[in-house]
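This report refers to the structure that appears directly beneath it.
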Amino acid sequence: MINYVCKDNLMGPNGNGNYPMWDYVPICDFPFINKGWNHDGHPGFDDVVFNDCSITLSQAIDGYDSMCVMMVIFAFIPTLFSCIFLQMVNEKKKPKDKNKYWFMVKKPNITEQLLVLGVFLGIAHTVRCIDVLGYAGRLQIDTIYTCCTAFCISCPVHGGFLLLRSWITIVDGGKSKRPPKWAAIYCAAGIYLTYLTEIGAGLMEYRFQGAEENVGAISGQMNSIKMMTGTFWLGSMTILMGRYGRRISTQLSGGKEASPQLLKIRKMCRIPLCYAVWAL
């Protein structure tokens, strides 16, 4: 049984068997596992009880609950910082432009939009970390866990499109200080379709192509749709970021030696570009 679970299906650390992982049939419904597995009872597998799926994977892994607690704390810290900075931005506004409540932002600028995204991202990440791998069954993996994961992926991409739109506006916005029509449509489509694909295809992963028969199994087709969609948007975003980031740098330098302020701007342009390349 140990060979079947950990080796023969190619999923274990030493998995080099010939049994394809997509044909693997779990011995217990996810996230349950046989009593005595791994760290449950005596360490190891000598006391594994057959046909007794009475414990969760989290109970078979020492320190899993402690890890979840620590990750919840670390995940929530950025949420607090985003709220603090959001309040600071509101305080620095002119009296007529201030929001009555700092957390109810009206007509947000690019900084406020990114900070609001940071709040939502932090909340979604915090909830997901309650059961970071889904091993304890504290979060329904095919609903709340998947939706939180989708937001954790979509929010940074959303932020990337906001930055890209502002860069295009700087270069091509002209006196109107508005992005060209193509840029507005492209960025809006990228944002909405990313959320739609990550959430929609993420939920369908567990309900399509026979995946509903085994809890925790996912549809390869739905997963491929997510991957291909993400690759398209991140790839095109990376190309445009590189192009417009370079044009902004060229405009500011004017052929002269780079000043400390220009070097700082270049660095700020390269950070999201590097993130987009890494995400791709």
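With my numbering applied, the sequence shown corresponds to residues -16 to 263, in that order. The beta carbon of each residue, even a glycine, is placed where N, CA and C say it ideally should be. Remember, predicted model here, so these are calculated numbers, not experimental data.
- DSSP places isoleucine 16 within a strand segment (E or B) once states are collapsed to three.
- Excluding residues up to 5 positions away in sequence, Pro14, Thr39, Leu40, Ser41, Ile44, Tyr47 lie with their Cβ nearer than 8 angstroms to the Cβ of tyrosine 118 in the same chain.
- Fully contained in the region 103 to 174 are the following alpha helix (DSSP H) runs of length 4 or more, in chain order: 127 to 155.
- Judged by their CB atoms, cysteine 112 and valine 55 are nearer to each other than the 8 angstroms cut-off.
- In terms of Cα proximity to asparagine 92, the closest of Asp80, Tyr84, Phe103, Val102 is Asp80.
- Here the alpha carbon of cysteine 36 sits roughly 29 angstroms from the alpha carbon of histidine 108.
- The beta carbon of threonine 94 lies closer than 7 angstroms to those of Val72 in the same chain, with the five residues before and after it left out.
- It is roughly 11 angstroms from the alpha-carbon of methionine 53 to the alpha-carbon of valine 115.
- Judged by DSSP secondary structure, tyrosine 47 falls within the alpha helix (DSSP H) whose first and last residues are 47 to 74.
- Counting only residues of its own chain and dropping the five nearest sequence neighbours on each side, valine 88 has a CB closer than 7 angstroms to the CB of Asn82, Glu95, Val99.
- The C-beta distance from tryptophan 20 to phenylalanine 33 rounds to 11 angstroms, too long to fall under 8 angstroms, and the pair is not in contact.
- Residue environment analysis places leucine 223 among the buried positions, since at least 16 neighbouring C-beta atoms fall within 10 angstroms of its C-beta.
- Judged by their CB atoms, glutamate 188 and alanine 133 are not nearer to each other than the 8 angstroms cut-off.
- Under the three-state reduction of DSSP, isoleucine 44 is assigned to coil, being neither helix nor strand.
- Here serine 65 is buried, its C-beta having at least 16 other C-beta atoms within 10 Å.
- DSSP lists Ile16 as the beta-bridge partner residues of isoleucine 38.
- Between glutamine 204 and phenylalanine 191, the C-beta spacing is below 8 angstroms.
- A direct Cα-to-Cα measurement between glycine 101 and leucine 145 gives close to 13 angstroms.
- From the listed residues Asp125, Gly185, Met220, Asn197, the smallest Cα separation to methionine 210 is found for Gly185.
- In chain order, Ile93 place their CB closer than 7 angstroms to the CB of serine 149, counting only its own chain and leaving out the 5 sequence neighbours on each side.
- DSSP places lysine 89 in the coil class of the three-state scheme, outside both helix and strand.
- Here glycine 142 is buried, its C-beta having at least 16 other C-beta atoms within 10 Å.
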